[in-house]
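Q: Residue numbers (this note's numbering): 17 to 436. By construction, the Cβ of each residue, glycine as well, lies at the ideal position given by its N, Cα and C atoms.
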């Protein structure tokens with residue numbers, strides 16, 4: 017806050033964000049001013065210290081907002097002075113090797129930093145808006161990522177299932193969930209478990225988020241027409257054992273993933289669906305025939321991230337009837353259970369939460385499920401049958417985490433759907 021007040025009264029040249037004819041040398045000079053450089057450095061350091069996943073600079077008509085996303089939730093920070101919007105955006109562009117003169121088109125770049133001896137990557141996105149350019153920086157703190165299967169939050173029974181699934185000789189393993197649900201971390205953890213000198217692992221990613229020794233990692237480049245499909249075709253001539261396809265976006269990519277599986281490769285990939293059973297419908301919608309799904313898919317893993325209760329201010333409490341009804345529970349159902357919440361303290365910025373944990377839903381395919389898929393059974397019936405065969409739904413995983421005192425009713429209701 018003191019830094020912002022100091023900048024508000026500083027003599028750094030201000031600019032009108034709507035003026036696209038600004039003198040570039042003047043702009044570059046302002047972006048290199050010591051106070052602007054120091055401000056951006058402080059913003060980045062604070063974000064990394066607070067374990068923010070994203071940093072937002074947003075121009076509005078009468079203010080220039082700054083927000084951090086921490087544990088999936090956006091928090092407003094003390095805003096920089098309005099007249100410094102252009103120098104701040106230009107400083108970020110310089111750091112990301114972007115064109116400071118281009119303010120009418122979106123730009124994407126990358127910043128590589130070393131903080132306290134650890135490498136940190138920032139993926140930078142610049143978007144022109146009505147009142148100037150919006151900047152979002154995705155923070156990829158490599159020192160913070162858990163690349164071990166036993167560190168991603170799997171329960172003992174789910175851990176056993178997953179370690180069995182990822183060691184199958186061939187087939188497709190799909191990890192599904194919305195953006196920011198931890199799919200990439202789960203996939204990297206699985207590949208790290210399988211990464212040894214006897215195994216050739218190829219990845220097609222958009223973009224490559226973490227550089228892992230022993231993996232041959234390739235980045236999609238749509239500007240050069242290097243798509244997932246084109247990369248995958250080349251992969252099949254590279255003698256791989258395991259292939260990671262960052263995301264199945266179209267029928268071409270899906271078909272090559274199926275072909276790779278049928279020719280003896282283990283394929284990992286992701287989709288964006290609400291839960292494991294609905295992934296099958298999504299694949300059919302893409303144009304993949306049901307008999308190919310049943311012949312290749314070994315398992316579908318759906319996941320969500322929920323906020324973890326802060327250990328420094330954790331307290332017992334009795335949930336209201338309304339809260340319990342959100343989970344379709346009654347007081348008598350949980351009379352022997354203890355519920356917790358975070359009161360809010362300095363350690364968690366008074367949010368009651370610190371860090372996140374993953375909820376998993378693992379749907380393993382067996383002959384019965386394959387027959388149901390071939391018979392074009394509805395998603396609802398598939399879900400019921402999968403649960404009969406030991407699949408724990410996202411909501412059930414959430415309930416167990418509530419009973420363990422790790423998260424709250426609010427978090428599980430926010431991130432998971434009711435079971436039918």
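Tell me whether the beta-carbon of residue 278 lies closer than 9 Å to the beta-carbon of residue 306.
A: It is not a contact, given that the beta carbons lie outside the stated cut-off.
Q: Helix, strand or coil: how does DSSP classify residue 237 here?
A: In the structure shown, residue 237 sits in a strand (DSSP, three-state: E or B).
Q: Can you give the Cα-Cα distance for residue 56 and residue 225, rounded to whole angstroms?
A: In a straight line, the C-alpha of residue 56 is about 22 Å away from that of residue 225.
Q: Counting only runs that start and end within the region 229-297, where is the alpha helix (DSSP H) found for 4 or more residues in a row?
A: With a minimum length of 4 residues, the continuous alpha helix (DSSP H) runs that stay inside the region 229-297 are 244-251, 267-278.
Q: Buried or exposed, going by whether 16 or more other CB atoms sit within 10 Å of the CB of residue 124?
A: By the neighbour-count rule (16 or more Cβ atoms within 10 Å), residue 124 is not buried but exposed.
Q: Could you check the C-alpha separation between residue 158 and residue 72 for me, to the nearest Å?
A: Spanning the two alpha carbons is a distance of roughly 20 Å.
Q: Give the secondary structure of residue 398 by DSSP, where H, G and I count as helix, E and B as strand, and everything else as coil.
A: Looking at residue 398 - three-state DSSP - the assignment turns out to be helix.
Q: Please confirm if the region 334-351 is in contact with the region 312-321, defined as three or more CB-CB distances below 8 Å between the two stretches.
A: No, because fewer than three Cβ pairs between the region 334-351 and the region 312-321 fall closer than 8 Å, the two stretches do not touch.
Q: Measuring CA to CA, which of 182, 246, 67, 180 is closest to residue 131?
A: Nearest of 182, 246, 67, 180 to residue 131, Cα basis: 67.
Q: Apart from the five residues on each side of it in sequence, which residues of its chain come closer than 6 Å, Cβ to Cβ, to residue 222?
A: Excluding positions up to five away in sequence, the list reads 236, 262.
Q: Under the three-state reduction of DSSP, which class applies to residue 226: helix, strand or coil?
A: Reduced to three states, the DSSP call for residue 226 is coil.
Q: Judging by CA-CA distance, which residue of 275, 358, 264 is the nearest neighbour of residue 366?
A: Residue 366 has its Cα closest to that of 358, out of 275, 358, 264.
Q: If we ignore side chains and look at the alpha-carbon of each, how far apart do residue 197 and residue 41 end up?
A: Rounded to the nearest angstrom, the two C-alpha atoms are 42 Å apart.
Q: Going by DSSP, which residues form a beta bridge with residue 356?
A: Paired residues: 332.
Q: What do you get for residue 433, buried or exposed, if any count of 16 or more other CB atoms within 10 angstroms of its CB means buried?
A: Residue 433 is exposed by the Cβ-count criterion.
Q: Under 9 Å, Cβ to Cβ, is there at least one residue of chain E near residue 48?
A: Of the chains in the structure shown, none is chain E; there is only one protein chain.
Q: Quick check: what's the CA-CA separation for residue 191 versus residue 48?
A: When rounded, the distance between both Cα atoms is 43 Å.
Q: Use the C-beta contact count for residue 34: other C-beta atoms within 10 angstroms, 16 or more gives buried, fewer gives exposed.
A: Its pLDDT being 47, under 50, residue 34 is placed unreliably in this model, and the coordinates cannot settle the point.
Q: Per DSSP, what are the beta-bridge partners of residue 141 in this structure?
A: Answer by DSSP bridge pairing, in chain order: 124, 152.
Q: Work out the CA separation of residue 54 and residue 290 for me, nearest whole Å.
A: In a straight line, the C-alpha of residue 290 is about 42 Å away from that of residue 54.
Q: Going by DSSP, what residue range makes up the beta strand (DSSP E) through residue 378?
A: From DSSP, the beta strand (DSSP E) with residue 378 extends over 369-380.
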